[in-house]
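Protein chains in written order, with our numbering: chain Y, 1 to 216; chain E, 1001 to 1216; chain F, 2001 to 2216; chain P, 3001 to 3216.
C-beta: ideal position from N, C-alpha, C; glycine also.
Read through the structure below, which is laid out as structure tokens, and then see the notes.
4 protein chains.
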Amino acid sequence: MVLGRKEVPSLVKDEKLIEKRRGEMVKAAVNLFKENGFHRTTTREIAKASGFSIGTLYEYIRSKEDILYLVCDSIYEGVKEKLHEQISLAEGSIEHVKKAIAVYFNVVDEMQDEVLVMYQEAKSLSREALPYVLKKELEMTAIFEDLLHRTVAQGELELNEEEVKLLAHNILVHGQMWTFRRWSLRKEYTLEEYTQMQINLLLYGVLNRSLTGKTS
Amino acid sequence: MVLGRKEVPSLVKDEKLIEKRRGEMVKAAVNLFKENGFHRTTTREIAKASGFSIGTLYEYIRSKEDILYLVCDSIYEGVKEKLHEQISLAEGSIEHVKKAIAVYFNVVDEMQDEVLVMYQEAKSLSREALPYVLKKELEMTAIFEDLLHRTVAQGELELNEEEVKLLAHNILVHGQMWTFRRWSLRKEYTLEEYTQMQINLLLYGVLNRSLTGKTS
Amino acid sequence: MVLGRKEVPSLVKDEKLIEKRRGEMVKAAVNLFKENGFHRTTTREIAKASGFSIGTLYEYIRSKEDILYLVCDSIYEGVKEKLHEQISLAEGSIEHVKKAIAVYFNVVDEMQDEVLVMYQEAKSLSREALPYVLKKELEMTAIFEDLLHRTVAQGELELNEEEVKLLAHNILVHGQMWTFRRWSLRKEYTLEEYTQMQINLLLYGVLNRSLTGKTS
Amino acid sequence: MVLGRKEVPSLVKDEKLIEKRRGEMVKAAVNLFKENGFHRTTTREIAKASGFSIGTLYEYIRSKEDILYLVCDSIYEGVKEKLHEQISLAEGSIEHVKKAIAVYFNVVDEMQDEVLVMYQEAKSLSREALPYVLKKELEMTAIFEDLLHRTVAQGELELNEEEVKLLAHNILVHGQMWTFRRWSLRKEYTLEEYTQMQINLLLYGVLNRSLTGKTS
DNA sequence: GATGAATGAGTGTTCATTCAT
DNA sequence: TATGAATGAACACTCATTCAT
């Protein structure tokens, strides 16, 4: 099964308008979701906050869940876009990996409310929509996998396939941690400290591996 | 502010009975929450699944949220209990840390549904109840902090205070990862593989630090 | 497929209470349906008219359609009960058939609003519920079929099987006509006149058939 | 009160265009009504099925009810037209009456969906529009009244004024029966059988009356 | 202490109709 | 004339909670 982007049908025909209106709706929804969560936010609140009538809202989406999907989709697109703006994905070096992690953590920090929302509410998506969002998460992971692969290929890291995958997962999760454990982490570290320390913890072991030999 | 365990009032006087009944309610609730989530589960369903009338349910709790709090509390207690059964918290050595991580990951795996529920639904707790649950999470973190501290004190690890804290957080989160990313991780690794690899990634860097000098 | 009476589930356990409450709800619903039709009547109106809150209404039914089904069911039961009270179904004679038709027309006249409602709204029942109501209609038809059969057996009428069936249908429909064409019929005839004339038109031909020979 | 045809106002001036467009709308509406009923059919669906925008639909009608009126009107016109095509209304004989009934039943059979729609949905017309439709029904009845009158005048039937009226009603209703009881009748009879048997039952009594004397 | 019938505010969603373009 | 985006009143239905028995 190859998943593309899930199409959300609309009663409105003008594609440009759909894009525009949905953007406004998603923006309002994110703010409400981060305040009260998906379930505690009503469609009426979303309509009002985005400046439309409830009827108009439903011209652009079919159900409340569609909004959640659009929110998740939009957040992933936002993160990926910012990532691509700031890091070249063609290179492969330790320095580049460090840079990428730092950039990613920065993006997560900038969009912390959005990331947190998506992180906590995505589970409310139906069994139909969830795979599309998980796919996005895998795409994000793949960005770091590729980067690590290239760095391994350059001889700057010594990792097998499975280790690359897991390290990529860890990087992603350490970024998300910054949002979902912020109640604790923010008290202890600035973003810069957090970033520096996590880079060390994430990479220090694998970096020096060649010096000290493999573990089982 | 020092938080103790939050007291949930009951209309029933008999403490023993409260304990017993609540245990049954929580058990039923966990099963329902892990199937449908907190918001999609009704109090009627919880009452029915635990074998009580809706009226009786409300003799033992004040609100639906009380159940969520009791569920979270119960899950933490379960995890901590299992942890204490299997690891001595007085020692301090690399081997002990590895053992503790493995035990913790095993507990998380055994209780993966429960951990996932708590992880995803705790955010629905009111501003009043949330701190009590976050406190539990900090207590969990503290278990690993202490272990790391002792190991540092033994001279087997070289970490400053802040690194200990962050490493403890990472251990916790890597355990939770096993539940909230299981849609991906389970495809790639068995629990044993996951545990071994994460131990390596978590500890390898800090382990060999003395051999190679500090990073910035 | 043998259809019994369709069971409508209720959240309330007390069977007696269900019977009582549903009776009140059906009564209110009939009045509203005959005024505004099924689709133009809201569940809140039904709740209010029967003296319950909307929540209570839904303790006794699952959906608005359930009310329509209960209404139809109740009307059939009412008609059949009144019929059985007044005519013996064991006999078989021309006089008895005339009597039965007159009684049936009287019952229809007494319950004209109800009959009209059922007649016009039954089509709004779902494909699941409709067969149960059609079955009731066939049972009604069967009452007259049996009566005619017995009369034929007595030698007082000369009709083949198919003619008995059709005549029974015609009797039923002529009764219903009195409701759904009342805007016209009531201007022309009293119930007594209508009954007398229809009996003549329905039976005169078949009555005298023996005197005049068969038609093709 | 003399009712003519009810005028449905339109924002469009061109009468020819109104006729044309409304024809297309009515055609689409009939198909939708017979599938889902009037209340379950939306104006959007009607607009789409007739190939217009919702805006254009409302250029030709004022309200959804106008469509229902036009549909009813159109069905009556259709039935009447087909009737006039096939039977001469100037004659008066038993044979002609039989022929007319057969033709009418045939027309009803051909347009059974339409007849059923009109029959079941006309009640949803407002108190303002209903009389216009009932008038059409009376006109239909009048066709058979006239036919019977002429046959009585020819001495082929012996019926008083009131009996003529009621018999005409019965003929109409027996035609409609073929649609609204088709779930049962179609299983028992072909159209030809049904027609033949109903003609017998309708006319046999009155036919032979002269031979046998009056009933009370 | 236990029960379950009663409540009604609140929810997602629909749809006939309007009106600016 | 034709369009279709916008509207919001209205609807069926849910569910946490209460309280009389």
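Here the alpha carbon of P/LEU3125 sits roughly 7 Å from the alpha carbon of P/TYR3069. Per DSSP, the continuous alpha helix (DSSP H) segment holding P/SER3184 begins and ends at 3182-3188. Of all residues in the stretch 3182-3202 of chain P, the ones placed with a Cβ closer than 9 Å to any Cβ belonging to chain F are TRP3183, SER3184, LEU3185, GLU3188, TYR3189, GLU3193, TYR3194, GLN3196, MET3197, GLN3198, ILE3199, ASN3200, LEU3201 and LEU3202, in chain order. Around Y/THR141, the same chain offers ALA168, HIS169 and LEU172 as residues with beta carbons nearer than 7 Å, after the five sequence neighbours per side are excluded. When CB distances to chain F are screened at a threshold of 7 Å, the residues of the stretch 3120-3140 of chain P falling below it are GLN3120, LYS3123, SER3124, LEU3134 and LEU3138, in chain order. In the structure shown, P/SER3124 adopts helical secondary structure according to DSSP, grouped into three states. Between the stretch 2035-2043 of chain F and the stretch 2114-2124 of chain F, the count of Cβ pairs shorter than 8 Å is three or higher; the stretches touch.
Look at the stretch 1148-1164 of chain E: the residues with a C-beta under 7 Å from a C-beta of chain Y are GLU1162 and GLU1163. With its beta carbon less than 9 Å from one in chain P, F/VAL2173 belongs to the interface.
Leaving aside the five residues that flank E/ILE1018 on each side, the residues in its chain whose CB is nearer than 7 Å to its CB run, in chain order, SER1010, VAL1012 and TYR1060. Looking at the backbone, the Cα of P/GLU3024 and that of P/LEU3134 are separated by about 24 Å. Annotated three-state conformation of F/SER2074 is helix, per DSSP. Of the residues assessed, P/GLU3128 falls on the exposed side of the cut-off, its CB having fewer than 16 other CB atoms within 10 angstroms.
Taken in chain order, the complete beta strand (DSSP E) segments of 3 or more residues contained in the stretch 1063-1109 of chain E number zero; there are none.
Y/ARG22 counts as buried, since at least 16 other C-beta atoms from the protein chains shown sit within 10 angstroms of its C-beta. One alpha carbon belongs to P/TYR3104, the other to P/SER3050, and they sit about 29 Å apart. Boundaries for E/PHE1038: no alpha helix (DSSP H) harbours it, and the DSSP string shows neither H nor E there.
Less than 9 Å separates the beta-carbon of F/VAL2107 from that of F/VAL2079. If you draw a straight line from the Cα of E/ALA1122 to the Cα of E/LEU1130, it is about 7 Å long. Remark: C-beta atoms of E/LYS1099 and E/LEU1203 do not approach each other more closely than 9 Å. The beta carbon of F/LYS2027 is closer than 8 Å to those of SER2050 in its chain, skipping five residues each way along the sequence. Against chain F, the CB of P/LEU3068 has no partner CB under 9 Å away; the residue lies outside that interface. Restricted to the stretch 111-178 of chain Y, the alpha helix (DSSP H) segments that are unbroken, complete and at least 4 residues in length are 112-121 and 130-153, listed in chain order. When CB distances to chain Y are screened at a threshold of 9 Å, the residues of the stretch 1029-1048 of chain E falling below it are GLY1037, PHE1038, HIS1039 and ARG1040, in chain order. Residue burial is scored here from C-beta neighbours: Y/ALA47 has at least 16 other C-beta atoms within 10 angstroms and is therefore classed as buried. Your pair P/HIS3149 and P/VAL3164 checks out as a contact, with CB atoms roughly 6 Å apart and the cut at 8 Å.
Residues of chain F with a Cβ closer than 8 Å to the Cβ of P/HIS3169 are, in chain order, MET2177, ARG2181, SER2184 and LEU2185. In terms of Cα proximity to E/LEU1147, the closest of E/LEU1089, E/GLU1188 and E/LEU1157 is E/LEU1089. F/THR2151 is a Cβ neighbour of F/SER2093, given a cutoff of 9 Å. In this structure, the beta-carbon distance from Y/TYR194 to Y/TRP178 falls below 9 Å. Here E/LYS1016 is exposed, its C-beta having fewer than 16 other C-beta atoms within 10 Å. With contacts defined by Cβ atoms closer than 9 Å, Y/LEU138 and E/TYR1189 do not form a contacting pair. Interface flag for F/TYR2060 against chain P is unset, since no Cβ pair is found closer than 9 Å. Distance from the CA of F/LEU2057 to the CA of P/ALA3102, rounded to the nearest whole angstrom, comes to 50 Å.
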